[in-house]
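*Asks:* full-length UniProt numbering numbers the first residue of the sequence shown as 1 and each following residue consecutively. Sharing a structure below in C-alpha cells format, with a few things to ask.
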Amino acid sequence: MGNPLAEPVLLGEPLEAAFAELRQASREAPWPTLDERRQRLARLADMLLARQDAIADAISADFGHRSPMETQLAELFPSLEGIRHARSRLKRWMRPQRRGVSIWFRPGRNRVLPQPLGVVGIVVPWNYPLFLAIGPLVSALAAGNRAMIKMSEFTPRTGALLAECLEQALGRDVVRVFNGPVELAQHFCKLPFDHLLFTGSTPVGRQVMRAAADNLTPVTLELGGKSPVLVAPDADLARAAKSIVGGKLLNAGQTCVAPDYVLVPRRQRQTLIEALSAAAAKLYPHLAENADYSAIVNQRHYERLLGWVEEARAAGAQVLAVNPRAESLASVRKVPLTLVWQCPDETQLMREELFGPVLPIVEYDDLAQAIDYINQRPRPLALYLFSDDARVQETVLQRTVSGGVVINETMLHVIQDDLPFGGVGASGMGHYHGYEGFLSFSKLKPIYRQPRLNTRGFLLPPYGALARWLMKMMVR
Numbered sequence: 001m002g003n004p005l006a007e008p009v010l011l012g013e014p015l016e017a018a019f020a021e022l023r024q025a026s027r028e029a030p031w032p033t034l035d036e037r038r039q040r041l042a043r044l045a046d047m048l049l050a051r052q053d054a055i056a057d058a059i060s061a062d063f064g065h066r067s068p069m070e071t072q073l074a075e076l077f078p079s080l081e082g083i084r085h086a087r088s089r090l091k092r093w094m095r096p097q098r099r100g101v102s103i104w105f106r107p108g109r110n111r112v113l114p115q116p117l118g119v120v121g122i123v124v125p126w127n128y129p130l131f132l133a134i135g136p137l138v139s140a141l142a143a144g145n146r147a148m149i150k151m152s153e154f155t156p157r158t159g160a161l162l163a164e165c166l167e168q169a170l171g172r173d174v175v176r177v178f179n180g181p182v183e184l185a186q187h188f189c190k191l192p193f194d195h196l197l198f199t200g201s202t203p204v205g206r207q208v209m210r211a212a213a214d215n216l217t218p219v220t221l222e223l224g225g226k227s228p229v230l231v232a233p234d235a236d237l238a239r240a241a242k243s244i245v246g247g248k249l250l251n252a253g254q255t256c257v258a259p260d261y262v263l264v265p266r267r268q269r270q271t272l273i274e275a276l277s278a279a280a281a282k283l284y285p286h287l288a289e290n291a292d293y294s295a296i297v298n299q300r301h302y303e304r305l306l307g308w309v310e311e312a313r314a315a316g317a318q319v320l321a322v323n324p325r326a327e328s329l330a331s332v333r334k335v336p337l338t339l340v341w342q343c344p345d346e347t348q349l350m351r352e353e354l355f356g357p358v359l360p361i362v363e364y365d366d367l368a369q370a371i372d373y374i375n376q377r378p379r380p381l382a383l384y385l386f387s388d389d390a391r392v393q394e395t396v397l398q399r400t401v402s403g404g405v406v407i408n409e410t411m412l413h414v415i416q417d418d419l420p421f422g423g424v425g426a427s428g429m430g431h432y433h434g435y436e437g438f439l440s441f442s443k444l445k446p447i448y449r450q451p452r453l454n455t456r457g458f459l460l461p462p463y464g465a466l467a468r469w470l471m472k473m474m475v476r
C-alpha cells in the first residue's frame, strides 16, 4: 500500500468502510483455527525481525532522537516475547473448559468456550508506538479477532511504516492501520467495535469511554497517573537509586509506568539525592550527543516539563539537574534527570503525571504516613517498593491499591508475559498481556448440554407432591 501520510485518512467513509470490510471478513470466517492464529502470529514476528532497523530509525526520527538500544529493549524484545508466549500456549488457551454442574441438574454438562469477539479497535500512544501497538494486537490475534489500529499523530513516520508492514504481513482482511489527526482518533473511538483498547492519559481515557458508551462497546483503558516509589527505612539506598534512575530515564521518562515521585524517610533524603545523582551520572556521563539518552518527543512536551520545573522553583522547591558536563541541551530537546524536593502539593509537578525525567522527592516520618500519602491520591498504575523486610512488604501490599507492584526494582512487571497488566480507578480498567489478554478479547461462552434423560420434567407444572418435595429439598 502507499504511504498513509501521503493520502491521510480523515473522517467518515474510509474508517466506516474499513470497519465494514473487517466485520464482513469476521462473519465469513468467525473462528480462525489454531493453525491460522499461530501462522498470523508467526508472520507478525517475521515482519518485526525483518524490519527492526527501519522501525528503530522511524521511531528515532519521530522523537528527534531515541536510542536504538532502548527501542530493542523496551519495544522489540517484549513484542517478540509476547508473540512467542502466545504461540506456545495458544492450544491450551483455546481449549474448552469443563465446569461443574449442580447436583440438581445432573447428568447435564457444563463447559465454557472462548469465542472470538470479531473486530477489535486499538488506539496507540506516541511514547512506545511499536510495543503498544503489537502487544494488544498479539492478544487480539491470539483470541481469533481482526483489528483496526489508530497510531498517534505524534509518531507519523512510525505509523506510516507500521501501516505498510502490518497490512502486508497479515493482510488487509485481518488488520488495518490508520494515521491522522486527533479528529480521526475521536471518530475511530465511535465505531461499534466488539472491544476497544486505549492506551493514553486519564483525561483522554474519559473521552474514549464516553465515545464507546453509545455503542455499548466494552473498553480496556491503559492509563497512567503518578506511580510512586516507596523507599522503606531498611532499603539499600545505593541499590534503590540505581533501579529508580534506570526506570526513570528509560525513554527519558516518557513511560506510563515510570517512577513519578519518591517517598523517602526524612533523615535519608540527602543520602538518596546523592545516590540518585551518582547513579544518573554513571549511566549517562554526558547527554547532548549521547546515543543512549533519548530526547523529549516534541517541543511542546519539552517546554511543558521545563515550565513545570520553573513553577515549582518559584513556589520554593529545591531543584537539582544532574548534568555532569553542564551541557546546553535545548537544541537537542533533552532534559537531564531533575530532582525536586520541598515541592508544594499544589504545583503541577505534584498534581500531574510527569512523563519526563523530572523526579519529585517527598519526605515522610513513618511508614504509615507514607502509605497514607499514596492512598490519599488517585490509585496508581504501578507502585515500587524498596525493602527487604517481609513485614513491610506485606503491609504495603495489603494497605495500598495499584495496578501492579514491583518490589526492589522498577517497571519489569510490564514485560512479564504471565502477569496481567492493567490499571485500577484513574489509572485504567481491564487487563491484557498473555492469557489475560486472550480472555479480554474473547467471549467466554457458557454452554449447558442437557441429556435425553434428565430431571427437568419433575419441576414443570402442574406442580404436584413430588415437585413440592423437591423444592423443599432445594430451598434450604
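All C-beta atoms, glycine included, are put in the ideal place defined by N, C-alpha and C. Being a predicted model, the structure only gives us computed values, none of them experimental.
1. Is Leu31 buried or exposed, if buried means 16 or more other CB atoms sit within 10 Å of its CB?
2. Count the other C-beta atoms from every protein chain shown that fall within 10 angstroms of the C-beta of residue 478, then say buried if there are 16 or more, exposed otherwise.
3. Below 8 angstroms on the Cβ atoms is my contact criterion, and I expect Ala370 with Leu263 to pass it. Report the Cβ-Cβ distance as a whole number of Å.
4. Which of the three DSSP states is assigned to Gly135 in this structure?
5. Taking Cβ to Cβ, would you say Arg109 is nearer than 9 angstroms to Gln97?
6. Runs of 3 residues minimum, wholly inside the segment 148-203: which ones carry the beta strand (DSSP E) assignment?
7. Considering Cα atoms alone, identify which of Ala235, Ala326, Gln299 is closest to Ala390.
8. Applying the criterion that 16 or more other CB atoms from any shown protein chain within 10 Å of the CB defines a buried residue, is Trp104 buried or exposed?
9. Using a Cβ-Cβ cut-off of 7 angstroms (strictly less than) and excluding sequence neighbours within five positions of Ala291, which residues of its own chain qualify?
10. Can you tell me the Cβ-Cβ gap for His195 and Phe19, rounded? I've got them flagged as a contact below 8 angstroms.
11. Within a Cβ cutoff of 8 angstroms, which residues of the same chain sit near Asn215, ignoring the five residues on either side of it in sequence?
12. From the DSSP secondary-structure annotation, give me the bridge partner or partners of Asn110.
13. Inspect the CB distances between the segment 169-182 and the segment 70-80 and report whether three or more fall short of 8 angstroms.
14. Going by other Cβ atoms of all chains shown within 10 Å of its Cβ, with 16 needed for buried, is Gln299 buried or exposed?
15. Alpha carbon to alpha carbon, how far is Pro114 from Gly430?
16. Return helix, strand or coil for Gly425, following the three-state DSSP convention.
17. Could you tell me whether the Cβ atoms of Val229 and Asp62 are closer together than 9 angstroms?
18. Which ranges does the alpha helix (DSSP H) cover as unbroken runs of at least 4 residues, wholly within the segment 273-314, from first to last along the chain?
19. Per the DSSP calculation, Pro116 is bridged to which residue(s)?
20. Which whole-angstrom value is the C-beta distance of residue 478 and Gly144, which I expect to be below 8 angstroms?
21. Decide if the segment 362-369 is in contact with the segment 201-210; the criterion is three or more beta carbon pairs, one per stretch, under 8 angstroms apart.
22. Which two residues bound the contiguous beta strand (DSSP E) that contains Phe386?
23. Can at least three beta-carbon pairs, one atom from the segment 81-90 and one from the segment 449-457, be found at a separation below 8 angstroms?
24. For Thr220, write down the residues that DSSP places opposite it in a beta bridge.
25. May I have the straight-line CA-CA distance separating Ala465 from Lys472, to the nearest angstrom?
26. Would you say Thr347 and Gly246 are within 9 angstroms of each other, going by their C-beta atoms?
27. Spell out the partners DSSP gives Gln318 in its beta bridges.
28. May I ask you to report which of helix, strand or coil DSSP gives Leu41?
29. Are the beta-carbon atoms belonging to Ala185 and Val123 less than 9 angstroms from one another?
*Replies:* Reading it off the structure:
1. By 1-based counting over the sequence shown, the position of residue 31 is 31. This sequence places Trp at residue 31; Leu is not what is there. Trp31 comes out exposed.
2. No statement about residue 478 is possible, as the shown extent of the chain runs from 1 to 476 and does not include it.
3. In the sequence shown, residue 370 corresponds to position 370, counting from 1. In the sequence shown, residue 263 corresponds to position 263, counting from 1. The pair is a contact, with the Cβ atoms about 5 angstroms apart (cut-off 8 angstroms).
4. Looking up residue 135 in the sequence shown gives position 135. For Gly135, the three-state secondary structure derived from DSSP is helix.
5. As a working note, residue 109 is residue 109 in the sequence shown. As a working note, residue 97 is residue 97 in the sequence shown. Cβ atoms of Arg109 and Gln97: not closer than 9 angstroms.
6. List check, beta strand (DSSP E) in window: 175-178, 195-199.
7. Along the sequence shown, read from residue 1 onward, the residue named residue 390 stands at position 390. Out of Ala235, Ala326, Gln299, Ala235 has the C-alpha closest to the C-alpha of Ala390.
8. Numbered from 1 along the sequence shown, position 104 holds the residue referred to as residue 104. Only exposed fits Trp104, as fewer than 16 other CB atoms lie within 10 angstroms of its CB.
9. Looking up residue 291 in the sequence shown gives position 291. The beta carbon of Ala291 sits closer than 7 angstroms to those of Ser67, all from its chain and outside the five residues before and after it, given in chain order.
10. What you label residue 195 is simply residue 195 of the sequence shown in a count that begins at 1. What you label residue 19 is simply residue 19 of the sequence shown in a count that begins at 1. Rounded, the Cβ-Cβ distance is 13 angstroms, inconsistent with contact.
11. Taking the first residue of the sequence shown as 1, we reach residue 215 at position 215. So the list reads Lys190, Leu191, Pro192, Phe193, once near-sequence residues are dropped.
12. Indexing the sequence shown from 1 puts residue 110 at position 110. Answer by DSSP bridge pairing, in chain order: Arg99, Tyr448.
13. They do not touch, by the three-pair rule.
14. Working through the sequence shown from its first residue, we reach residue 299 at position 299. Gln299 should be labelled exposed.
15. The count along the sequence shown starts at 1 and reaches residue 114 at position 114. The count along the sequence shown starts at 1 and reaches residue 430 at position 430. Looking at the backbone, the Cα of Pro114 and that of Gly430 are separated by about 17 angstroms.
16. Position 425 of the sequence shown, counting from 1, holds the residue named residue 425. Here Gly425 sits in helix by DSSP.
17. As a first step, residue 229 is located in the sequence shown; it is residue number 229 there, counting from the start. As a first step, residue 62 is located in the sequence shown; it is residue number 62 there, counting from the start. Not a contact, by the Cβ cut-off of 9 angstroms.
18. When DSSP assignments are scanned along the segment 273-314, the uninterrupted stretches of alpha helix (DSSP H) that are 4 or more residues long and fall wholly within it turn out to be 299-314.
19. For the purposes of this step, residue 116 is taken as residue 116 along the sequence shown, with counting starting at 1. Ser442.
20. What is shown of the chain runs 1 to 476, which leaves residue 478 out entirely.
21. No, the segment 362-369 is not in contact with the segment 201-210.
22. Working through the sequence shown from its first residue, we reach residue 386 at position 386. Per DSSP, the unbroken beta strand (DSSP E) holding Phe386 starts and ends at 383-386.
23. Note that the segment 81-90 does not touch the segment 449-457; fewer than 3 beta-carbon pairs, one per stretch, sit closer than 8 angstroms.
24. Sequence index remark: in the sequence shown, residue 220 carries index 220 (1-based). Thr220 is bridged to Leu197.
25. By 1-based counting over the sequence shown, the position of residue 465 is 465. By 1-based counting over the sequence shown, the position of residue 472 is 472. Annotation: Ala465 to Lys472 spans about 11 angstroms, alpha carbon to alpha carbon.
26. In the sequence shown, residue 347 corresponds to position 347, counting from 1. In the sequence shown, residue 246 corresponds to position 246, counting from 1. In this structure, Thr347 keeps its C-beta atom at 9 angstroms or more from the C-beta atom of Gly246.
27. As a working mapping, residue 318 is identified with position 318 in the sequence shown. According to the DSSP secondary-structure assignment, Gln318 is paired through a beta bridge with Trp341.
28. Taking the sequence shown and counting its residues from 1, one reaches residue 41 at position 41. Leu41: helix per DSSP, three-state reduction.
29. Along the sequence shown, one-based indexing puts residue 185 at 185. Along the sequence shown, one-based indexing puts residue 123 at 123. Between Ala185 and Val123, the C-beta gap is smaller than 9 angstroms, which places the two residues in contact.
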